[in-house]
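If you want the working numbering, it's the position in the sequence shown, counting the first as 1, plus 52.
Using N, Cα and C, we set each Cβ at its ideal position, and we do this for glycine too.
Structure first, commentary second.
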Amino acid sequence: MKRVTLTLMGLAAAASLAAQPLPAPDRAEMDRFVSRLMERMTLEEKIGQLNLPSAGDITTGQARSSDIGGAIVRGEVGGLFNIKGVEKIRDVQRVAVEQSRLGIPLLFGMDVVHGYETTFPIPLALAATWNPAAVERAARIAAVEASAAGICWTYSPMVDISRDPRWGRISEGLGEDPCLASALTRAMVYGYQGRDGWRYATDEIMACVKHFALYGASEAGRDYNTVDMSRQRMFNEYFPPFLAAVEAGAGSFMASFNEVEGIPATANAWLLTDVLRDRWGFDGFVVSDYTGIYEMIAHGIGDLQEVSARALQAGTDMDMVSEGYLGTLKRSLAEKRITEADIDRACRRILEAKYRLGLFDDPYRYCDPRRAARDIYTDAHRAEARRTAAESFVLLKNEANILPLERTARIAVVGPLAQSRENMPGTWSVATDLTKPRTLVEGLRAVAGDRAEIVWARGSNICHDPVLEKNSTMFGRDIPRDGRTDREMLDEALRIAADADVVIAALGEPSEMSGESSSRSQIGIPDAQQELLRELVATGKPVVLVLFAGRPMTITWEAEHVPAILNVWFGGTEAAEAIADVLFGDVNPSGKLPASFPRSVGQIPLYYNHKNTGRPLQGNGFEKFRSNYLDVPNTPLYPFGYGLSYTVFEYGPLTLSADRMTADGSVEASVEVTNAGDRDGAEVVQLYLRDLVGSVTRPVQELKAFEKVMLRAGETKRVTFRIDEPMLRFYNHALEFVSEPGEFDVMVGGSSDRVQHATFTLE
Ligand code: BGC
């Protein structure tokens with residue numbers, strides 16, 4: 053039997069993982085360099101550094117209608133984003149370096165959110181791996197490819213906690229839990245930037261952590277909506293991944309669109325300066341979100357000049373697209389609404405980022421065409437993306453072990469998403485070459501070998517409403533609406549099902565039904581596909597639902613009636629083969645949910661780490677005058693941390709090394725886990741704590757650590773978690789990060805709802 057002692061993933065352990073601070077001599081050298089440069093800059097040139105337009109399809113310094121080329125020459129541009137291609141980027145950089153007065157190089161940004169051309173699963177799916185090492189590798193590969201293509205700055209990671217799956221952008225984040233999200237945030241920052249501090253190598257890129265803050269809590273899950281929240285909740289539940297990013301050395305932050313305590317984040321000095329810089333020590337720069345400054349006019353806090361001045365003073369250093377800084381700061385300075393020091397501060401931070409990226413040493417260091425030819429979409433990267441995709445899938449149900457499938461079966465694949473190439477990578481795959489991913493049917497055929505017979509029928513359109521369908525498939529251009537009647541499509545599907553041993557129903561959301569501006573009020577499988585599924589189940593053939601989802605979905609009927617469900621999210625460019633790997637059993641699924649799946653939309657927000665209330669519910673039945681619903685249980689359909697395997701893991705009894713702990717001591721919680729089946733597999737062992745009595749109310753359960761252990765068939769390992777005092781801390785009413793003496797409930801298990809308990813007392 054093996055023994056594994058864990059490094060803690062707990063929030064409290066974060067500080068020890070922090071990246072190296074900037075070494076003093078380097079800092080001094082950088083300060084000297086930037087100061088000398090700024091002495092030579094005019095006011096206009098300083099303001100120019102704060103300006104970040106979107107390039108669109110800019111060509112070699114040619115002025116377009118918006119004249120970005122001319123603006124670069126005039127020194128009015130600090131960076132650009134949305135250019136793909138190393139030659140183009142090199143050409144534009146040359147304009148900045150050779151034609152502007154001071155030759156200051158530009159930053160080149162892009163939303164490299166889950167990979168560049170080799171596209172990994174969407175972030176919510178990456179979170180389902182519960183594997184920080186795999187997530188770090190994914191970000192590392194994204195950095196290698198993006199930097200080979202001229203990009204030095206990515207708008208990722210997106211670390212907004214969200215408990216509202218109506219919000220389409222839950223797909224871009226790391227789930228509902230601060231501990232899991234923090235561990236993965238660190239992994240992503242390290243993957244992009246490296247672990248060793250403040251200077252970037254030529255294959256590392258600067259992270260931009262977004263969206264600071266609370267964007268995932270927009271009311272009713274409607275994108276860009278208002279947020280209102282207590283500071284205690286911010287600090288305990290929504291801020292931890294951002295703090296983890298600062299500790300990991302993230303180079304930049306993006307302000308969120310929403311308001312925080314009545315002031316849009318972009319102009320919120322408490323958020324961007326008091327918390328981010330003064331409290332956490334962040335020393336990079338802050339960029340607004342796309343037109344975030346301009347949008348504050350609509351928020352109703354002033355005209356463009358006013359909101360620009362407020363944003364700058366609050367701590368937003370760079371203006372993405374609004375051109376509010378470019379157009380109004382000079383006037384604001386003349387009118388003494390701002391000071392030159394405000395402009396200098398922001399300008400300095402942006403120049404420091406360029407310095408750290410090495411752009412002053414060599415503005416073309418990210419523009420090596422040999423690397424572009426060699427390092428992008430390589431076999432090794434694709435193999436890693438395929439492994440990671442397979443690891444992200446969550447087996448929700450597998451009645452009578454329908455899965456894995458036999459390679460000799462006759463398989464009917466049904467569904468409009470099963471023959472789409474462009475839909476596979478998922479939202480925000482801006483650099484993906486959409487001709488490259490295989491369709492699910494192609495992937496299945498490639499992996500199954502020639503003894504399986506695989507036939508496909510579309511079965512239905514995405515949904516009945518053509519307008520909703522169009523809005524949800526904007527970038528998935530290869531899912532045109534089928535002109536046949538519903539009946540004709542259904543009959544074809546039923547015909548192939550009748551001849552099959554098993555039916556794979558590849559259904560769910562098209563990829564643009566989640567992501568930005570894709571909130572939904574109903575989060576089930578769209579109607580036309582849902583009806584198709586019911587007909588397939590009614591045939592009595594074994595049906596495997598391969599669920600494409602950018603969010604937790606309400607699949608309550610499916611959970612009851614479909615014998616097997618594999619949730620595959622959006623798995624990136626290699627998703628098709630990865631799905632086949634899991635369906636045919638070459639890979640044993642090990643993903644666990646990073647967010648709760650509700651039974652109905654009315655339960656939302658629904659999350660495992662909730663408070664107890666004064667009228668807690670025991671069990672699932674209705675009780676009068678308790679905190680519950682008349683018509684639906686309080687529990688989720690599938691809880692946080694849940695996910696099945698093709699094997700079975702058995703847990704031995706949970707033991708604690710002691711039942712008392714001093715503030716400088718520790719307690720070990722330990723459990724033996726056995727793979728009791730006949731397949732090798734990986735299990736995520738999860739440690740939760742509950743602080744039973746506090747000066748403020750505490751959640752019923754909080755993830756504090758986890759470990760993914762690989763177990764051969766029949767193998768047993770002991771997993772031990774070390775619990776120490778920093779792990780017990782939380783933000784109290786005064787927002788001090790403290791622990792309080794008293795009793796703690798320790799919970800360990802393979803899902804948030806399947807845990808063993810033990811208790812200890814902090815003295
Ligand atoms: C999104 C950001 C993104 C930016 C630049 C905005 O609409 O909210 O997440 O980084 O666009 O593309």
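Distances taken from the Cβ of H263 to the heavy atoms of the ligand BGC include one shorter than 8 Å.
The beta carbon of D805 sits closer than 6 Å to the beta carbons of P691 from its chain, once the five residues preceding and following it are set aside; these are given in chain order. Taken atom to atom, the span from the alpha-carbon of E544 to that of V465 is near 12 Å. Relative to the ligand BGC, the nearest heavy atom lies less than 8 Å away from the CB of F309. Shown here for F773: same chain residues with a beta carbon closer than 6 Å to its own, the five before and five after excluded, namely L58, A721, L739, A757 in chain order. At least one heavy atom of the ligand BGC lies closer than 8 Å to the C-beta of N134. Within a 10 Å sphere around the beta-carbon of F789 sit fewer than 16 other beta-carbons, which makes this residue exposed.
For M348, the uninterrupted alpha helix (DSSP H) run begins and ends at 347-351, by DSSP. Between P157 and P421, the gap from beta carbon to beta carbon reaches 9 Å or more. Between G303 and A198 a beta carbon distance of about 14 Å is seen, past the 8 Å cut, so the two are scored as non-contacting. S374 and L763 have their C-alpha atoms some 53 Å from each other.
By the CB criterion at 9 Å, S152 and G127 fall inside the cutoff.
The ligand BGC approaches Y207 closely enough that one of its heavy atoms is under 8 Å from the residue's Cβ.
Taking C-beta separations shorter than 8 Å and ignoring five residues to either side along the sequence, the partners of R251 in its chain run D78, R408, G410, following chain order. If you compare the alpha carbons of L455, R383, L520 with that of Q574, the shortest gap goes to L520. The beta carbon of L324 sits closer than 7 Å to those of A307, V338, A366, G367, T368, all from its chain and outside the five residues before and after it, given in chain order. For E587, same chain residues with a beta-carbon under 7 Å away, outside a window of 5 residues either side, are L542, L546 in chain order.
For D341, the CB falls within less than 8 Å of some heavy atom of the ligand BGC. Between D248 and the set E540, E299, M210, the nearest pair of CA atoms involves E299. The three-state reading of DSSP puts H809 in strand, counting E and B together.
Per the coordinates, the alpha-carbon of W621 lies some 11 Å from the alpha-carbon of T479. Inclusion of E568 in the 8 Å shell around the ligand BGC follows from its C-beta lying nearer than that to a non-hydrogen atom of the ligand. A residue is called buried when at least 16 other Cβ atoms come within 10 angstroms of its Cβ; D427 meets this threshold and is buried.
Taking 9 Å as the cut-off, the Cβ atoms of L447 and V634 count as close.
Under the DSSP assignment, A509 falls in the beta strand (DSSP E) whose first and last residues are 505-509. When distances are taken from the beta-carbon of D163 to the heavy atoms of the ligand BGC, the shortest one is below 8 Å. Here the C-alpha atom of R218 lies approximately 43 Å from the C-alpha atom of A393.
Between V147 and I124, the CB-CB gap stays under 9 Å. Annotation for V493: the continuous alpha helix (DSSP H) segment containing it runs 492-500. In this structure, the ligand BGC has no non-hydrogen atom nearer than 8 Å to the beta-carbon of M526.
Restricting attention to L755, V745, L669, the CA atom closest to the CA of G693 is found in L755.
Annotation: the continuous alpha helix (DSSP H) that includes I141 extends over 138-146. With a threshold of 8 Å, the Cβ atom of M240 does not count as near the ligand BGC, since no heavy atom of the ligand is closer than that. In the structure shown, I120 adopts helical secondary structure according to DSSP, grouped into three states.
Going by DSSP, S803 is part of the beta strand (DSSP E) stretching over 794-803.
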